[in-house]
Every structure is written in C-alpha cells, then in structure tokens.
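Mapping the sequence shown onto numbering that gives the first Met the number 0, position 269 (from 1) lands on 268, and the numbers just tick up by one. By construction, the Cβ of each residue, glycine as well, lies at the ideal position given by its N, Cα and C atoms. Computed from a predicted model, the values in this text were never measured in an experiment. The next block holds one structure in the form of structure tokens; read it before the comments.
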Amino acid sequence: MQRAFLGFAAIAVLLCLGQAQALTLSAESDYVITGYEVALVFHVLLFVFWLGPDVGVYVWSTKAASATMTPSQRLTAGRMMHTIEFMPRVCVSLMLTVGGILTEAVGLDHPTWQWIGIILLGPVWLFIVVVAYFREGTWFGGTMAKLDDVLRWIVIVGVIVSTTYSLVAGRLEPAPWVAGKLYLFAAIVFLGLMMRKQMEPFFSSLRRLENEEPNDEINNAMIASLGRGRLFVFAIWAALLIAAWLGISQPGSPYSAQPSSALVVGSTAQEG
C-alpha cells in the first residue's frame, strides 16, 4: 500500500510539472499544434517506450538467471521478458521514419526516392516485427524473424553509407548533429544483433527448465550468457542516452541555443 501511494504521488508530481511546462510552452507559441510538434512528441514517446521496457527486460533476465528462484518463477520471468521485449522492437522499427520526418523541420531536404524509403520503412518493419512476435513458433513467424534480422543488417549498412555520403556532400550542414544520431542508431541496431547472439545460450537453457530440474550446467550457462549480453545492453543504453542528448542540445545547429518551442515558433514565423 505504501509503495502504491508513493507511486501515485510521483505520478501526480510529474503531471503537475508537465502541466506547468505545457503552460510555459503554450505561452511562447500561437496555440497551434504543428505537424512538427506531433512528430516530436511521437519521437520522444518512442524513446521512452524503447528504453523503459528495455530496462524491464534486463531486470527480469536477472531473475530468470537466478538459481535462488524456483523453476516456475524463472520461467515466469522468461515469459515477462518476452512480453515486455515487444515494445522496444516496435519503437526500433518506427524510429527512423519518425526521425526522418523531423529532419525536414531542421532544414534537411530529402529527394523523392529517399522520402518514399523513409515513409515505407517504418510500417514495413513494424509489420515484420508484429508478425514475427505474434506468430512465433510457426513457419511464417520464423520467416519474419529471419527477415527482421536481414532488414536490420540492411538498415545498419544503409544508414552508415547514406549518412557518410550526406556528410561528404554537405547535405547535413544545417544540422550536423543528425549524423551523430544516425550513426548511433546504426550502432544500436548492431549491438542489438550481437546481444541476441550472446543471449542464445540463455534462452536455450531457460527452455530446458520446462522439462528439467535446475542444475549447475543450466545455471552456469544462463549466468555466463547473461554476463556477455549485459555488456551490449549497457552499451545500447549509453548510445540511446547520447542520442537523446544530441537531439536536445543539437550541437552545431543555429537553433542549438534555443528551446524546442522557440524552434517551432521561429519556423512558423518564417513560413508566415
């Protein structure tokens, strides 16, 4: 009961702070919600629902690997990992599309062919993620899971090549910080693939608990696998936080010293 009360109190404080900030921003704006603001809020939500559940997955993984838990508790922890993991996968699939839309607001123009790729990537990737998750264990779900891995490698290479080309060509001069975010995104996707590889013994050992009693072989395999995967998890979190800082501070941008609301008001005034 005490924890629930503290939780509600914390939420109430956050809501009050959010309302105060919203009133401050509304005083600086013309009370018109722009497409940029909608995309920006969505972008922030993707970050929150990526990092937050990812931390939850890690916490449950430590419980699943704990030899002090009963087999039933460890299997429940594994199922919780699988359930929570769905949200970060969704956020990853949509992040590039939403980010690409936002770059238009900071002066980065995209040719038509690139716009088509940006807009289609999110829905297509999301479809693959959803099918792979909900049809897991079937031929179709397995095919989508393999396609997801292939697409991630394509995204890694594509982002690195296109970002490097844009830097050399000077296309990112209005917002050089975008290059940093794109490189970090490619690194995060790569780290995620490496983390999956390191965690394979963890999940195979966890499945053994469905039919076997815990033993040193299973426990040691899970602990060792989690220890290797932990390094990639921490690296992903660090990259996410750095990317968030780049998005907020926008180093090298003419708007870097202005709050996001000023950017919106300024761009609206120029259009008017």
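Nearest to L50 by alpha-carbon distance, out of M198, V149, L240 and E216, is L240. Bounds of the alpha helix (DSSP H) holding G179 are W176 to R207. Relative to the Cα of L119, the nearest Cα in the group M94, D148, V149 and R88 belongs to M94. For R73, the uninterrupted alpha helix (DSSP H) run begins and ends at P70 to T102, by DSSP.
In the DSSP annotation of this structure, the continuous segment of the alpha helix (DSSP H) that includes V58 starts and ends at G34 to A63.
In chain order, M86 and C90 place their CB closer than 6 Å to the CB of F48, counting only its own chain and leaving out the 5 sequence neighbours on each side.
Residue burial is scored here from C-beta neighbours: T96 has at least 16 other C-beta atoms within 10 angstroms and is therefore classed as buried.
In terms of CA proximity to I100, I117 leads the group R88, E84, S92 and I117. In this structure, the straight-line span from the alpha carbon of Q249 to that of L208 is close to 48 Å. Of the residues T142, T33, G98 and T102, the one whose Cα lies closest to the Cα of G121 is G98.
Measuring C-alpha to C-alpha distances from V130 to each of W138, M143, V123 and G136 identifies M143 as the nearest. Counted as a single uninterrupted DSSP element, the alpha helix (DSSP H) harbouring E216 occupies residues D215 to S248. By the C-beta density criterion, R88 is buried, having at least 16 other C-beta atoms within 10 angstroms. Below 8 Å, too few C-beta pairs join the segment 198-217 and the segment 171-187 to call them touching: fewer than three. Around V40, the same chain offers no residue with a beta carbon nearer than 8 Å, after the five sequence neighbours per side are excluded.
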